[in-house]
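K.L.:
Could you have a look at this structure, given as structure tokens, before my questions?
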């Protein structure tokens, strides 16, 4: 299918409770600050109980559907490795993969009914480029709170996009509560430095 | 000012801007956030009702009294509220009344995917369908206006993708929140048959006026373009169609009952081939066909699940014999093991379900987090139908097959019990049932995100309220055997359940523990020593327990473990211990 002109599609995937919706809100704010039309779609309800979750953000001059079609995502930001694997077919062949180097075993693996794929990152690298991998939780912990791993991932995404950093900084200030802003700014910088420059 | 809002937030904003005075609901995905957001506005009386029928009746009462009202529920909630709805269509209103139904095509969080658009012609009330958040907000205003002008409740129908997608909304100033003076009007509000017949004639005449309104309302509009073919669509499907076919001529219907038949005829005359793009049932399609117009719809689109831009693009191109331009081959997905939702670490339901599985009982289930107990490894539920059906269903199983009687339990959550379980329990007592009913009282409506209910002692706005006494309630219905247990105390749970199922009379067990997500200070993680690799604990399905390949021992994930200790009672070898009891 022909891609809509000037629409950027970002898919945020993870495990219920990892903070994909907050990351999506930061990203949406980044779109709005550039004067773009933005749509964002999220998952609520049953899937949140430790299930596979996805938040979708689309930005461009005019965006109709709130959903990204398979093969149309420009960026896949995975908060967990297996989720990167699961959602990879949503990416364009030239799409960028950003992965938090964290493994969370789903219940079928925990109880021995399924195997956690051992070669996720090499398999993704064989099909997509670039594939950026970093221990977002560890970096967030150093910044002051492991809970800011989602913002580390936004820093990594910022390094892969061509949006002025001042816009990202404003978006953080608009979305993050003031008392947590300093930690999150450090987390963002840590993600950015991993792949920036 | 423009801001990004979900469809549900936009509905709440609409209630604020368009003078809603009373808002009611029972929580249910994807509708829940509507009332949670309205509750932030102190000028609106907002409340959780025990169920959707009560919510709509409270709303109708407020509308008869002269206030503007919004009532919200998920699609299956409208089934519960259908009784007052169908007669509210006869009485009409004094203050505007909008009923928001959030449907769930694709069943993201529901037990069925019924198409609630059919309620509009069935109940004989007008219906609006927004495509995005701006329309959702605007249509609250339009629905209230239609409601007051035409003296009818109005159905505002959303779907999951409209409710849970964010798009830009222009914020307006709040209007007046005036209440019209109350007027007694027996012939309008007392639906005796004689008055009902008069109101039925009123509806016939109202339908004609609404039909004329639909022909002229700006929410039904033609977007001109290539006239080789035309698309008639509504709701989220409009956005899919618009993106899939940027050059097409589209008739976008914002009001989908009654349909603007004249407008549709004229549109059909302007274009070559006519398509209908709609999710779920051929609701528009069948009515357009009944007008004698040839139209292609479910012949090329599925009548189940969600549509998408790709589907709309490919199916219409296929019907027109056109190539789909330059679509890149979809890469084969990697094979990833599933990640089903699970009961949380520390969930009070887990231990109880483990015992029910050990006892090999037949278990009728209900709607809530505990429905997850149907999945492996616990796999303990036999049925899950609708709110309350665990209890009445257990009575039916016992009457239909008496051999089941001594190994039958119903499990139901506290919020679900108050929603629809009380009448079923009354029926067990009244009709000589002997099933054991287990109320899983975690002190909240957990699945939808922790909403209060009449058993929590708090209202939607956080005000203190009387807390329903489940023990006294069960006893007042005639249940003589009522036992309370701590679901973490597995030996006690096993003893009580075994005893109660053996007794040939009704009994209620209340398993009481707060939802694990509401416990602010979890205990220290469980520790492992001397595991003999029997893996019995893995049958609990706790996300904090794993047995990594090649490891000789079960492992506890300290980041997830809440120290609930249920696994320590399952381990026969004492290898799992609560922190501080390692050397006991």
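Chains as they are written, first to last, in this note's numbering: chain U, -12 to 184; chain P, 575 to 1158.
Ideal Cβ positions, reconstructed from N, Cα and C, are used throughout, including at glycine.
(1) Quick one: Cα of residue 644(P) to Cα of residue 960(P), how far?
(2) Does the Cβ of residue 595(P) have 16 or more other Cβ atoms within 10 Å, making it buried, or fewer, making it exposed?
(3) Residue 1115(P) and residue 179(U) - do their beta-carbons sit closer together than 7 Å?
(4) Taking CB distances under 7 Å as the criterion, tell me whether residue 98(U) reaches chain P.
(5) So, are the CB atoms of residue 971(P) and residue 946(P) less than 7 Å apart?
(6) Quick one, which residues of the region 590 to 604 of chain P are near chain U if we go by CB-CB under 8 Å, in chain order?
(7) Pick from 1048(P), 1011(P), 792(P): whose alpha carbon is nearest that of residue 1073(P)?
(8) Note down the Cα distance separating residue 939(P) from residue 653(P), rounded to an integer number of angstroms.
(9) Within this structure, are the beta carbons of residue 586(P) and residue 612(P) separated by less than 7 Å?
(10) Based on Cα-Cα distance, which residue from 1107(P), 958(P), 989(P) lies nearest to residue 1029(P)?
(11) Classify residue 678(P) as buried or exposed, calling it buried when 16 or more other Cβ atoms lie within 10 Å of its own Cβ.
(12) In chain U, what lies closer than 8 Å to residue 738(P) by C-beta?
(13) At which residues does the beta strand (DSSP E) containing residue 43(U) begin and terminate?
(14) Provide the residue span of the beta strand (DSSP E) that contains residue 981(P), from first to last.
(15) Taking C-beta to C-beta, are residue 849(P) and residue 870(P) nearer than 7 Å?
(16) Taking only the alpha-carbon atoms, compute the straight-line gap between residue 608(P) and residue 1033(P) and give it to the nearest angstrom.
(17) Within 7 Å (strictly less), CB to CB, does residue 964(P) reach chain U?
(18) Could you check what DSSP says for residue 822(P) in three-state terms: helix, strand or coil?
(19) Which chain P residues are close to residue 157(U), counting only those with a beta carbon under 9 Å from its beta carbon?
(20) Got a sec? Which residues, its chain only, sit under 6 Å from residue -9(U) by beta carbon, not counting five neighbours each side?
(21) Kindly list, in the order they appear in chain P, the residues whose Cβ is closer than 9 Å to that of residue 2(U).
(22) With a 10 Å radius around its C-beta and 16 neighbouring C-beta atoms as the bar for buried, classify residue 865(P) as buried or exposed.
(23) Return the chain-ordered list of same chain residues with a C-beta closer than 7 Å to the C-beta of residue 26(U), the five sequence neighbours on each side being excluded.
(24) Which of the three DSSP states is assigned to residue 1131(P) in this structure?
(25) What would DSSP say about residue 90(U), mapped onto helix, strand or coil?
(26) Roughly how many angstroms separate the alpha carbons of residue 822(P) and residue 812(P), rounded to a whole number?
(27) Alpha carbon to alpha carbon, how far is residue 58(U) from residue -11(U)? Give it in angstroms, no decimals.
(28) Would you list, in chain order, the members of the region 81 to 93 of chain U that have their beta-carbon closer than 9 Å to a beta-carbon of chain P?
(29) Note down the Cα distance separating residue 1085(P) from residue 771(P), rounded to an integer number of angstroms.
(30) Looking only at its chain, what residues have a beta carbon closer than 7 Å to the beta carbon of residue 1008(P), apart from the 5 residues adjacent to it on each side?
(31) Verify the CB distance criterion: does residue -12(U) have a CB-CB separation below 7 Å to chain P?
(32) Could you pull out every residue in the same chain whose Cβ sits closer than 7 Å to the Cβ of residue 681(P), ignoring the five residues on either side in sequence?
(33) Three-state secondary structure (DSSP) at residue 698(P)?
(34) Check the Cβ-Cβ distances between residue 609(P) and every residue of chain U, and say whether any is below 7 Å.
(35) Is residue 582(P) helix, strand or coil by DSSP?
(36) Take the Cβ of residue 1095(P) as the centre, count every other Cβ of all protein chains shown within 10 Å, and call the residue buried at 16 or more, exposed below.
P.N.:
Let me spell this out:
(1) Translated into the one-based positions of the second chain, residue 644(P) becomes position 70. Translated into the one-based positions of the second chain, residue 960(P) becomes position 386. Distance between the alpha carbons of residue 644(P) and residue 960(P) is about 24 Å.
(2) Position 21 of the second chain holds residue 595(P). Under this definition residue 595(P) is a buried residue.
(3) Counting from 1 along the first chain, the entry for residue 179(U) is found at position 192. Counting from 1 along the second chain, the entry for residue 1115(P) is found at position 541. No. Outside cutoff.
(4) Here the question's residue 98(U) lines up with position 111 in the first chain. Chain P has a Cβ within less than 7 Å of the Cβ of residue 98(U).
(5) Within the second chain, residue 971(P) is the residue found at index 397, counting from 1. Within the second chain, residue 946(P) is the residue found at index 372, counting from 1. Taking 7 Å as the Cβ cut-off, residue 971(P) and residue 946(P) do not qualify as a contacting pair.
(6) 603, 604
(7) Position 499 of the second chain, counted from the first residue, corresponds to residue 1073(P). Closest option to residue 1073(P), Cα to Cα, is 1011(P).
(8) Residue numbering aside, residue 939(P) sits at position 365 when the second chain is read from its first letter. Residue numbering aside, residue 653(P) sits at position 79 when the second chain is read from its first letter. Cα-Cα distance, rounded: 19 Å.
(9) For the purposes of this step, residue 586(P) is identified with residue 12 of the second chain, where counting begins at 1. For the purposes of this step, residue 612(P) is identified with residue 38 of the second chain, where counting begins at 1. Cβ atoms of residue 586(P) and residue 612(P): closer than 7 Å.
(10) Within the second chain, numbered from 1, the residue matching residue 1029(P) stands at position 455. Residue 1029(P) has its Cα closest to that of 989(P), out of 1107(P), 958(P), 989(P).
(11) For this step, residue 678(P) is matched to residue 104 along the second chain. Answer is buried; the Cβ neighbour count reaches 16.
(12) Taking the first residue of the second chain as 1, we reach residue 738(P) at position 164. The answer, in chain order, is 28, 29, 30, 31.
(13) Mapped onto the first chain, residue 43(U) falls at position 56. Element bounds for residue 43(U): 39 to 47.
(14) By one-based count along the second chain, residue 981(P) stands at place 407. Premise fails: residue 981(P) is in no beta strand (DSSP E) and is neither H nor E.
(15) Position 275 of the second chain, counted from the start, is the residue given in the question as residue 849(P). Position 296 of the second chain, counted from the start, is the residue given in the question as residue 870(P). A contact, by the Cβ cut-off of 7 Å.
(16) One-based indexing of the second chain puts residue 608(P) at position 34. One-based indexing of the second chain puts residue 1033(P) at position 459. Approximately 16 Å, taken between the alpha carbons.
(17) Working through the second chain from its first residue, we reach residue 964(P) at position 390. So, not an interface residue.
(18) Taking the first residue of the second chain as 1, we reach residue 822(P) at position 248. Of the three classes helix, strand and coil, the one that applies to residue 822(P) here is strand, per DSSP.
(19) Walking along the first chain from the start, residue 157(U) turns up at place 170. Per Cβ cutoff of 9 Å: no residues; residue 157(U) is ~15 Å from chain P at best.
(20) As a first step, residue -9(U) must be located in the first chain, where it is residue number 4. Unreliable placement is indicated for residue -9(U), whose pLDDT of 49 sits below 50; no coordinate value is reported for it.
(21) Here residue 2(U) refers to the residue found at position 15 when the first chain is read from its first residue. Residues of chain P passing the Cβ test: 913.
(22) The residue given as residue 865(P) occupies position 291 in the second chain. By the 10 Å Cβ count, residue 865(P) comes out exposed.
(23) Residue 26(U) sits at position 39 when you count from the first residue of the first chain. Answer for residue 26(U): 45, 50, 53, listed in chain order.
(24) Within the second chain, residue 1131(P) is the residue found at index 557, counting from 1. Coil.
(25) Numbered from 1 along the first chain, position 103 holds the residue referred to as residue 90(U). Coil.
(26) Within the second chain, the letter at position 248 stands for residue 822(P). Within the second chain, the letter at position 238 stands for residue 812(P). Distance between the alpha carbons of residue 822(P) and residue 812(P) is about 12 Å.
(27) Numbered from 1 along the first chain, position 2 holds the residue referred to as residue -11(U). Numbered from 1 along the first chain, position 71 holds the residue referred to as residue 58(U). Legend: pLDDT at residue -11(U) = 42, less than 50; position of this residue unreliable, value from coordinates given subsequently. Residue -11(U) and residue 58(U): Cα-Cα distance of roughly 11 Å.
(28) 91, 92, 93
(29) Counted from its first residue, the second chain places residue 1085(P) at position 511. Counted from its first residue, the second chain places residue 771(P) at position 197. Looking at the two C-alpha atoms, the distance is approximately 50 Å.
(30) The residue labelled residue 1008(P) in the question sits at position 434 within the second chain. Exclusion of the five residues before and after residue 1008(P) leaves 972, 979, 1078, 1079, 1080 as the residues of its chain whose Cβ lies within less than 7 Å of its Cβ.
(31) What you label residue -12(U) is simply residue 1 of the first chain in a count that begins at 1. Confidence at residue -12(U) is low in this model, with a pLDDT of 39, below 50, so its placement is unreliable and no value can be given for it.
(32) For the purposes of this step, residue 681(P) is taken as residue 107 along the second chain, with counting starting at 1. Closer than 7 Å at Cβ, skipping near neighbours: 687.
(33) If you number the second chain from 1, residue 698(P) lands on position 124. Coil.
(34) Taking the first residue of the second chain as position 1, residue 609(P) is located at position 35. So, not an interface residue.
(35) Residue 582(P) sits at position 8 when you count from the first residue of the second chain. Residue state, collapsed to three classes: helix.
(36) In the second chain, counting from the first residue as 1, residue 1095(P) sits at position 521. Burial call: exposed.
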